[in-house]
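These notes concern the structure reproduced below.
Residue numbers (my numbering), protein chains in the order written: chain Y, 1427 to 2011; chain Z, 1427 to 2011.
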């Protein structure tokens, strides 16, 4: 079937004079997670993972996947004669390098609506001829529809700022420039609206063009109630059909336009380039504003983490009471998701990771009904889970003992926990960025010659995407450059060092932090972090030989705070259980 | 007298149609330390400090100085009606900002040979009209001459690489581009030559133009022996008179030329701009090569620090044996300088800092014969000193007790020492830069709300400038960007956190570090630092309450290494004394 689909695709390519067609896993908005509608790579290759690039030529097809998908890609695609390019292995070329090397004098087809300006420019800069054409949409049978669910408002008791006020603030910075936004989280944030279009990320499909006078929102009108339409109208937001966005862009002429090249699609760029506009690349002002949680959002975020703490505590109590050998990872996943939804969460924050022993060494392992390890009353279980609340988004990882464990596991658990605290307990002078503090969470692991091959932390949205930027806590460089953005009071991010020993075990400790002001003196303004997460760490995994005095003190203080904070929300049985988990060591 | 000099200067300015004349403390080579010849600001304002900007208009004169010179500038210049702009205080404008605000529509005169391309471009970018003219040289009476001392060769047993080999390596990277160098240390390094032109920095005045075939050195021919001239000729270096440099530049046409805008003067830029050349800004390839000490340089550097350790040990023994109340800081300075010169040093590395109690809180305090505090048999003494050896350049700071001290001093000493070790004991994955590890040396001080208002460390030359870049260990940004350069094996730099409490006391601990390779495994190449400095820390200043177990272990291991390393160079009395200083705690 896949082979037939590729044949049909190739005829369509030929009609357009395309030698090689480029597919990615993004949508029209450069989203990390996307609606089912955009699972094009799965349709044409069989590969169901979340991140990949597919290149199709007249004779061949290549699927580019990173380490977590090497095996899966083999299983799903080799049978269709698709070549798997295993990124991270020797000689494996990145798609751009591959195109430069083998197709530099050919015509590369791509969907300009699903390609960032940055990537398209990269191709052009390398002398590659690209043709923006959606040759595939007409070929897809039974395509999953886009969501028709209503868009809803998030009231000011949750957002902290009215839509009107946010618009005023952006307008003040923007002056007479035009700002085009494709990013769904930024649009949802700015308009205090939420939707249901992407699993676990409460956004809705839309484009936005911000002029000094008017704001044009391109979205599916039928999904807005009369009431919301009235509110938008009052605040100067003019709504237009989603499909009319690109033709509207053609009418913008002689303006200075701000776009984030990494988050706006190439088709947008092509359209506005025709109008004698000056186009300037800049991280979205809305994104910078969204990154700094306002006082109401901060207060709510604390509440969301209390709710989250209660739900996870109930899960831990349940798990403690059952025979682990009767459970699979998937059973546990269903259970923890259930506790969150049964309490206060609107939704999960992302698809839950529950991983037993060696499965936890796979950084993005996710069990499902058909593919899930059976637990036992020994070893360790890692769960990385979170919720969507009106009061914020949570993201937490705990690694717990299901029974007996090894000294080695305890040693690494103790060091990972210490590493997490090394970052969270920092007091620092304002002006630092995420790439300047990352070293704190790694140094104790580096001392043993161990590293984790990912960032230490990512920004977290407020009832939005669980991965947000800025900030970004990592020592390496990213396309968005969030790791170079100054860390400011009000920013919220995760702190999640870990160790991953393939085929053996994985350990991660993750708390969410809020940046707050500390003292101001002759040296300047000091900042520190407030830990938002309210969930105990498993004391059974601590090896006192690796627990220095400072870390012990910090852990005990944290556990006391968790107990005191959750107590008003617990019944006496839960309170007793939590007291035991948070006992002083 | 100063007033009369300014009057004469103003007539010269008027003749050239200049409204405001800009003086800085640099030379023709953008050097940090300069020959006497370039003390122009002192001639026209009376100010004798090492760093300042002087702006002279038809009516007024403004001297811009940073915090360490606020008082001195008042004392030396107010009497001549010169206005002191105290940088760092409220509303004080930087020279560039001052010019933009008050002289944007006027003609600014400057000596293009003493102004970096970067600064001149900054002015031009801001729409300011500049006129490059040396209006002052003809006015200076009894000007100190430039050095006529011979230039000498440093043999390959010290440099590790022959001149020929270095030239080949640069040529390999440069290909058909031209590289112009003004920086004196880079020229001395590349040619394995040294001179005597700048106090404590063994360089000689020269410009260098590196073509793919020939290398032109512009310097005072009389200072080179026949033998050196022969050697230079053999290696393809053509020597021309120092004064012919600018007219030579006019002959370069249609080339691609690399210059470091921050280290090449504006006059150079003007000259090469006329020749239809393509001018590209880039940190000098020679500077990058110089930063990475080769194996012979590394081996020698270790030796230089042994010599330095022996000299300082002898000084400590002497100091221990005398009544401190009979000494001034200047006496101590003469003594420590004497011990270095009497043993192996060719020269001091820089003017020695010896500061008692509150004087140590002034970061750049330097006692002289007329201005020097009397010591006593209590309190603390900070000395920041170093030597120039054929085997390298040293830079070390120790803070020692002269008798009884306070608990507060011990607390901060212990924390400063710990902070120094926090950086020096880091093991890390290759790829980090100085601005990513600076936090390690500050975090324990920040925890108490204290900071030091300078970088944590600077690169150190090999028998060259004591301040070299890259690398640069600091969290803020500098013009050279050395803090963003990757730290690589072979780099040598200082590690010198401190505390400075105005009017009370100052503490600094400084060791020099060499970056070396550690293990390479599946996570990548790990690096660490080898401490080069071989001088004990004063155990009397340690407060065990602030000394964590790890720091205690590190300190003891360091002291053992100092003892073992210096032992072969000591007589038995010295060995016994050192054993006492390095005893286990």
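Note that beta-carbon positions come from the ideal geometry of N, C-alpha and C, so glycine has one too.
Asked: Three-state secondary structure (DSSP) of residue 1503 of chain Y; Found: helix
Asked: Sequence-distant residues of its chain with Cβ nearer than 7 angstroms to residue 1548 of chain Z (five each side left out); Found: 1522
Asked: Cutoff 7 angstroms; reference residue 1993 of chain Y; Cβ partners in own chain excluding five residues on either side; Found: 2001
Asked: Distance between residue 1715 of chain Z and residue 2012 of chain Z (C-alpha atoms, nearest Å); Found: Given that chain Z is displayed from residue 1427 to residue 2011, the structure contains no residue 2012 of chain Z and the question cannot be resolved.
Asked: Close beta carbons around residue 1571 of chain Z, own chain, < 6 angstroms, minus the five adjacent residues each side; Found: none
Asked: Under 8 angstroms (Cβ pairs) to chain B, residues found in the segment 1862-1879 of chain Y; Found: Judged by its chain identifiers, the structure shown contains no chain B, and its protein chains are Y and Z.
Asked: Span separating the alpha-carbon of residue 1861 of chain Z from that of residue 1929 of chain Z; Found: 30 angstroms
Asked: Spatial distance of residue 1451 of chain Y from residue 1461 of chain Y (CA atoms); Found: 10 angstroms
Asked: Residues from the segment 1582-1595 of chain Z in contact with chain Y, defined by Cβ distance under 7 angstroms; Found: none
Asked: Cβ of residue 1947 of chain Z within 7 angstroms of any chain Y Cβ; Found: yes
Asked: CB contact check: residue 1375 of chain Y to chain Z, cutoff 7 angstroms; Found: This structure cannot settle anything about residue 1375 of chain Y, because the visible part of chain Y is limited to 1427 through 2011.
Asked: Whether residue 1876 of chain Z touches residue 1918 of chain Z by CB criterion (7 angstroms); Found: no
Asked: Proximity test, Cβ basis, 7 angstroms: residue 1849 of chain Z and chain Y; Found: no
Asked: Through-space distance from residue 1724 of chain Z to residue 1934 of chain Z, alpha-carbon basis; Found: 25 angstroms
Asked: Reference residue 1844 of chain Y; option with closest CA among Y:1771, Y:1979, Y:1783, Y:1944; Found: Y:1979
Asked: Any chain Y beta carbon closer than 7 angstroms to residue 1454 of chain Z; Found: no
Asked: Continuous alpha helix (DSSP H) stretch holding residue 1896 of chain Z: start and end; Found: That residue, residue 1896 of chain Z, is in no alpha helix (DSSP H); its beta strand (DSSP E) goes 1894-1899.
Asked: Rounded separation between residue 1436 of chain Y and residue 1604 of chain Y - CA only; Found: 40 angstroms
Asked: Neighbourhood of residue 1831 of chain Z by C-beta distance below 8 angstroms, restricted to the same chain and skipping five residues each side; Found: 1804, 1805, 1806, 1966, 1967
Asked: Assigned secondary structure, residue 1473 of chain Z (DSSP; H/G/I helix, E/B strand, else coil); Found: coil
Asked: Environment of residue 1592 of chain Y [buried if 16+ CB atoms lie within 10 Å]; Found: buried
Asked: Run of the alpha helix (DSSP H) containing residue 1721 of chain Y, from where it starts to where it stops; Found: 1721-1747
Asked: Cβ distance (whole Å) where residue 1710 of chain Y is taken to contact residue 1550 of chain Y below 8 angstroms; Found: Rounded, the Cβ-Cβ distance is 23 angstroms, inconsistent with contact.
Asked: Simplified DSSP state of residue 1542 of chain Y, which is helix, strand or coil; Found: strand
Asked: Under 7 angstroms between C-beta atoms of residue 1737 of chain Z and residue 1756 of chain Z; Found: no
Asked: DSSP bridge partner residues for residue 1512 of chain Y (one or two, in chain order); Found: Y:1491
Asked: Status (buried if at least 16 other CB within 10 Å, exposed otherwise) for residue 1479 of chain Z; Found: buried
Asked: Start-to-end residues for the beta strand (DSSP E) that takes in residue 1824 of chain Z; Found: 1822-1827
Asked: Counted within 10 angstroms of its Cβ, other Cβ atoms place residue 1516 of chain Y as buried (16 or more) or exposed; Found: exposed
Asked: Proximal residues of chain Z, C-beta to C-beta of residue 1952 of chain Y below 8 angstroms; Found: 1872, 1875
Asked: Beta-bridge partners of residue 1433 of chain Y, as assigned by DSSP; Found: DSSP lists no partner for residue 1433 of chain Y.
Asked: Backbone secondary structure at residue 1522 of chain Z - three-state DSSP; Found: helix
Asked: Chain Z contact for residue 1903 of chain Y (CB, 7 angstroms cutoff); Found: no
Asked: C-beta neighbour in chain Z for residue 1512 of chain Y, strict 7 angstroms; Found: no
Asked: For residue 1921 of chain Z, three-class secondary structure by DSSP; Found: strand
Asked: Completely contained alpha helix (DSSP H) runs for the segment 1594-1638 of chain Y, where each covers 4 or more residues; Found: 1610-1617
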